[in-house]
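Note sheet for the following structure.
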Amino acid sequence: MAIKSDKWIRKMAQEHQMLDPFVDGQIKQNAKGEGAISYGLSSYGYDVRCSDEFKVFTNIHSATVDPKDFDDKSFVDVKSDVCIIPPNSFALARTVEYLKIPRNVLTICLGKSTYARCGIIVNVTPLEPEWEGHVTLEFSNTTTLPAKIYANEGVAQFLFFESDEECETSYADRAGKYMKQRGVTVPRL
């Protein structure tokens with residue numbers, strides 16, 4: 000298995016719609032011409048953006064967090080250019096980009112250093128072969144202060160690993176429960 004370069008990522012985005020929309024290069028300014036957290040194609044990865052749709056965790060109903068029986072009332076929906084995450088809490092969001100992972104590729108996500116240096120951790124599980132959809136992103140605020148996430152700016156980098164052989168059973172073959180998800184997706188059983 001080998002990590003793939005910008006040339007391979009560009010080709011897969013253009014010929015197979017692996018990333019849509021695709022930004023060919025690093026963008027470091029927002030639409031207003033102000034400095035932004037970079038996104039787009041990098042040397043050996045792709046920096047994805049966060050949409051303006053957020054689900055911020057709240058405990059106003061004193062619910063128990065149960066992945067087998069998740070209560071949607073544990074979140075407050077926010078649509079905004081920024082999301083404020085309470086101290087020691089988290090929020091869910093989604094990528095602007097829709098991804099289609101090839102059958103012989105595994106994709107790993109790492110947070111951007113700008114957020115990591117502020118105590119904001121980005122968590123995404125691996126994107127398995129033939130998975131597709133908007134990626135649900137989890138932002139953990141590990142600090143004792145409110146933390147800010149910016150929509151339509153870079154939040155995480157995806158690395159693509161191509162195998163020399165196709166997997167026997169892909170995510171699509173298994174009819175995975177998060178296949179072709181759109182929007183911010185909460186836990187499913």
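Residues in the sequence shown are numbered consecutively from 0, following numbering that gives the first Met the number 0. For glycine and all other residues, C-beta sits at the position ideal for the given N, C-alpha and C. If you're wondering where the values come from, they're calculated on a predicted model, not measured in any experiment.
Note on Arg-173: under 16 other CB atoms within 10 angstroms of its CB, so exposed under the neighbour-count rule. It is roughly 9 Å from the alpha-carbon of Ser-50 to the alpha-carbon of Lys-78. Under DSSP, Thr-106 takes part in a beta bridge, and its partners are Leu-126, Phe-159.
Distance from the CA of Gly-132 to the CA of Glu-33, rounded to the nearest whole angstrom, comes to 30 Å.
Buried is the label assigned to Ile-36, since at least 16 other Cβ atoms lie within 10 Å of its Cβ. Apart from the 5 residues on each side of it in sequence, Met-17 sits with its Cβ closer than 6 Å to the Cβ of Met-11, Lys-99 in its chain, given in chain order.
Counting of Cβ neighbours within 10 angstroms places Val-185 among the exposed residues, the total staying below 16.
In the DSSP assignment, Asp-65 falls outside any alpha helix (DSSP H), carrying neither H nor E. Just measuring C-alpha positions, the residue of Arg-93, Ala-30, Val-22 sitting nearest Val-183 is Arg-93. CA-CA distance, Thr-143 to Val-47, rounds to 27 Å.
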